[in-house]
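To start, the structure itself, in structure tokens.
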Amino acid sequence: MAEARHIEKHGFQTEVKQLLHLMIHSLYSNKEIFLRELVSNASDAADKLRFKALSDNTLYGDDAELRVRLLIDKDANTLTISDNGIGMSYDEVMNNLGTIAKSGTAEFFSQLSGDQAKDSQLIGQFGVGFYSAFIVADQVTVRTRAAGAATDEAVEWQSAGDGEFTIKSCEKAQRGTDIIVKLRDDSLEFLDDFRLRGIINKYSEHISIPVQLWKDPEPESSEEDGKKTEAKPGEWETVNSGKALWTRDKSDISDEEYKDFYQSIAHDFDEPLLWSHNKVEGTTEYTSLLYIPKRAPWDLWNRDQQHGVKLYVKRVFIMDDAEQLMPTYLRFVKGLIDSNDLPLNVSREILQDNKITRAMRNGSTKKVLQMLTKLAKDDAEQYQQFWDTFGAVLKEGPAEDNANRERIAELLRFASTHNDDSKQSVSLDDYKERMKDGQKAIYYIVADSYEAAKHNPALEIFRKKGVEVLLLSDRIDEWLMSHLPEFKELPIQSVTRGDLDLGELDDAEEKQAQEKAEADFADQLKRFKDALGDKVKKVRVTHRLTESPACIITDEHDMSTQMVKLMEAAGQKVPDTKYILEVNPEHALVKQMVAVEDAEQFGEWAELLLDQATLAERGSLKDPAGFVSRLNKLILR
Numbered sequence: 083m084a085e086a087r088h089i090e091k092h093g094f095q096t097e098v099k100q101l102l103h104l105m106i107h108s109l110y111s112n113k114e115i116f117l118r119e120l121v122s123n124a125s126d127a128a129d130k131l132r133f134k135a136l137s138d139n140t141l142y143g144d145d146a147e148l149r150v151r152l153l154i155d156k157d158a159n160t161l162t163i164s165d166n167g168i169g170m171s172y173d174e175v176m177n178n179l180g181t182i183a184k185s186g187t188a189e190f191f192s193q194l195s196g197d198q199a200k201d202s203q204l205i206g207q208f209g210v211g212f213y214s215a216f217i218v219a220d221q222v223t224v225r226t227r228a229a230g231a232a233t234d235e236a237v238e239w240q241s242a243g244d245g246e247f248t249i250k251s252c253e254k255a256q257r258g259t260d261i262i263v264k265l266r267d268d269s270l271e272f273l274d275d276f277r278l279r280g281i282i283n284k285y286s287e288h289i290s291i292p293v294q295l296w297k298d299p300e301p302e303s304s305e306e307d308g309k310k311t312e313a314k315p316g317e318w319e320t321v322n323s324g325k326a327l328w329t330r331d332k333s334d335i336s337d338e339e340y341k342d343f344y345q346s347i348a349h350d351f352d353e354p355l356l357w358s359h360n361k362v363e364g365t366t367e368y369t370s371l372l373y374i375p376k377r378a379p380w381d382l383w384n385r386d387q388q389h390g391v392k393l394y395v396k397r398v399f400i401m402d403d404a405e406q407l408m409p410t411y412l413r414f415v416k417g418l419i420d421s422n423d424l425p426l427n428v429s430r431e432i433l434q435d436n437k438i439t440r441a442m443r444n445g446s447t448k449k450v451l452q453m454l455t456k457l458a459k460d461d462a463e464q465y466q467q468f469w470d471t472f473g474a475v476l477k478e479g480p481a482e483d484n485a486n487r488e489r490i491a492e493l494l495r496f497a498s499t500h501n502d503d504s505k506q507s508v509s510l511d512d513y514k515e516r517m518k519d520g521q522k523a524i525y526y527i528v529a530d531s532y533e534a535a536k537h538n539p540a541l542e543i544f545r546k547k548g549v550e551v552l553l554l555s556d557r558i559d560e561w562l563m564s565h566l567p568e569f570k571e572l573p574i575q576s577v578t579r580g581d582l583d584l585g586e587l588d589d590a591e592e593k594q595a596q597e598k599a600e601a602d603f604a605d606q607l608k609r610f611k612d613a614l615g616d617k618v619k620k621v622r623v624t625h626r627l628t629e630s631p632a633c634i635i636t637d638e639h640d641m642s643t644q645m646v647k648l649m650e651a652a653g654q655k656v657p658d659t660k661y662i663l664e665v666n667p668e669h670a671l672v673k674q675m676v677a678v679e680d681a682e683q684f685g686e687w688a689e690l691l692l693d694q695a696t697l698a699e700r701g702s703l704k705d706p707a708g709f710v711s712r713l714n715k716l717i718l719r
């Protein structure tokens, strides 16, 4: 590579161009974060070298003292951030500095509105990293040499952030990376030593390796009392304490320090909603510092995207996104876990099935759920803010974490017939407290939308009796309820599945009337079944309807309508569901139908009634044209 000194010119990936433009224009009021990002990257590079050197100590060479250095050149208007970490090869430079190698970036950029204030928040959720340098720079030059590579195998990358970059081979005496930021005239404040110290103290105090600034030599002082003071030479001065924040005593850490640390590790512009700092001692020893953000990260809904907390072993960084330490339904949690028990050469494979890992995962999961439970109890408004942001993710919990199912169930919130709006604010405990005397179950309905759930005919008997029903319309809700059969020994029951038995909510007179209606309508039920054939599983008299002529119900052991839709959306083949048609004999339309003696005409009415009920339940029909044709024919009659 050293022989090929020609300069290659490349264009940035489309998403990089968009990100550069938006950062320069949207993050202008928060320029200092570029230094936070570049120092953080430099620290990560040192951590990666330290981890890799566990199996190959020769990578250190004769330079084992890891550090980050900042050098000001006021004549050239440049600020250089240097590290002696892992460095990069040519291919790594191309991959890391020319593209954004994250799935879902196209979807992310489609959400950008052009409103700079709103977009800056979204970009903060995305994470800006190296490209943040262009917030303040006219030009950025990167010189890097991978650990273990020869001095003439270094790479130089350069760009003005205008859509193109150049790359060439070069020589570099030391391993690691130098980032030379040529500051714009409106960003020369970052050539001030005092300004840089303030930013490092704010964002990088916790970094475990020294962050150093060059201190110029002091001039000789004038003679005093016949003595002349010798000039002190220039030197590198360490600015940060180098003590990891999570290793300090909680009583010595201010809220501001916790918040600044969160912004540094989460690359978030906002403060966290809450956090928990714990030191666990016993059979397993570890420290955890876990944060719950205020805003959802941009890739929250991508379950396949790596999520998780940072893992340290004895304060040595091991990996980002250690998903084995936090369940997927808590993938919004940020922070770290520092273990005293795991080996330094631990891998993702070892973490996958390790009793120490399981203990830390269980303990951290419990701690997050405790945080949320306390928040829900102490500050309902703040918890509602959390739920509106992350509730749909937490709903994945009962299916994923059976051991904590009851604890998660207490945190769930739903819309309900008790309220007049679609806000998900009703807890299962709220519902339980409002239950009617004699009510033996918690009732719910799942539909495509809040409106569809609220107006489903199956709710009519519940409205009449004043029984509350939970109204569910999130895509995950059917999956959730299939894994939540009960709450505090109360069964949770769908109003559109199986037989409806309201138990003590029906008095003896009502039950007697239902039995009489079934007996009196038996012959008509047979007519309906004969007319509809295998389009329905069975036809029966309804006890759910008071205003509608009919509804369809799923048999207790069959797949529900919403589960079928969920499986189909996931590309799964599902068998056709045959519904139970429930008919209301007291409805005027049904009375008119049974008076029709012509079998063919009665069959058309029966199919129309089934289509109406199906439309109310499913929101769609397999043959809408056939429905319209039958409707028109019967209207003309």
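Residues in the sequence shown are numbered consecutively from 83, following my numbering.
For every residue, glycine included, the Cβ atom is placed at its ideal position computed from N, Cα and C.
Check                                                                                                                                                                     : Outcome
So Asn-444 is in the alpha helix (DSSP H); what residue range does that whole segment cover?                                                                              : 437-460
Which ranges does the alpha helix (DSSP H) cover as unbroken runs of at least 4 residues, wholly within the segment 589-665, from first to last along the chain?          : 590-602, 604-614 and 643-651
Counting only the same chain and skipping the five closest in sequence on each side, list residues whose C-beta sits under 7 Å from that of Glu-449.                      : Sequence inspection shows Lys at residue 449; the Glu mentioned does not correspond to that position. Excluding sequence neighbours, Lys-449 sits near Ser-358, Asn-360, Ser-370 and Leu-372.
Out of Gly-280, Ser-507 and Asp-511, point me to the one whose CA is closest to Arg-489's CA.                                                                             : Asp-511
For the alpha helix (DSSP H) that Ser-290 lies in, which residues bound it at each end?                                                                                   : Neither: Ser-290 is in no alpha helix (DSSP H) and is coded neither H nor E.
Going by DSSP, what residue range makes up the alpha helix (DSSP H) through Ile-89?                                                                                       : Looking at the DSSP string, Ile-89 is not in any alpha helix (DSSP H), and its letter there is neither H nor E.
The alpha helix (DSSP H) with Lys-332 in it runs from where to where?                                                                                                     : Neither: Lys-332 is in no alpha helix (DSSP H) and is coded neither H nor E.
Hey, Leu-407 and Leu-393: beta-carbon distance below 8 Å or not?                                                                                                          : yes
Quick check: the Cα distance between Asp-640 and Val-618, rounded to an integer number of angstroms?                                                                      : 13 Å
Output the distance between the C-alpha atoms of Leu-716 and Asn-501, rounded to the nearest integer angstrom.                                                            : 39 Å
Evaluate Glu-742 with the Cβ neighbour count: other Cβ atoms within 10 Å of its Cβ, from every protein chain shown; 16 or more gives buried, anything less gives exposed. : Because the chain spans 83 through 719 in this model, residue 742 falls outside it and cannot be assessed.
With H, G and I counted as helix, E and B as strand and the rest as coil, what does DSSP make of Tyr-394?                                                                 : strand
Please classify Asn-501: does DSSP put it in a helix, a strand, or coil?                                                                                                  : coil
Output yes or no for whether 8 Å exceeds the beta carbon distance between Tyr-513 and Val-577.                                                                            : no
Under the three-state reduction of DSSP, which class applies to Met-408: helix, strand or coil?                                                                           : coil
Inspect the beta-carbon positions of Ser-630 and Pro-539 and report whether they are closer than 8 Å.                                                                     : yes
Among Ile-115, Ala-146 and Lys-620, which one has its Cα closest to the Cα of Ile-347?                                                                                    : Ile-115
Would DSSP call Gln-256 helix, strand or coil?                                                                                                                            : coil
Is there contact between the segment 514-533 and the segment 667-686, where contact requires at least three CB pairs shorter than 8 Å?                                    : no
Does any CB atom of chain C fall closer than 8 Å to the CB of Asp-342?                                                                                                    : Here chain C cannot be found, since the structure has a single protein chain.
Buried or exposed: where does Arg-257 fall if 16 or more other Cβ atoms within 10 Å of its Cβ makes it buried?                                                            : buried
Just to confirm, does Asp-658 get its C-beta within under 7 Å of one of the non-hydrogen atoms of the ligand SAM?                                                         : By its list of ligands, the structure shown contains no ligand whatsoever, and the ligand SAM lies outside what it can speak to.
Compute the distance between the beta-carbons of Glu-638 and Arg-557, then report whether it is under 8 Å.                                                                : no
Can we say the segment 257-273 touches the segment 223-232, given the rule of at least three CB pairs closer than 8 Å?                                                    : yes
Confirm, please, whether the CB-CB distance from Asn-166 to Leu-148 is below 8 Å.                                                                                         : yes
Could you give the distance in angstroms between the alpha-carbon of His-288 and the alpha-carbon of Gly-324?                                                             : 6 Å
Count the other CB atoms, across all protein chains shown, that sit within 10 Å of the CB of Asp-244; report buried if there are 16 or more and exposed otherwise.        : exposed
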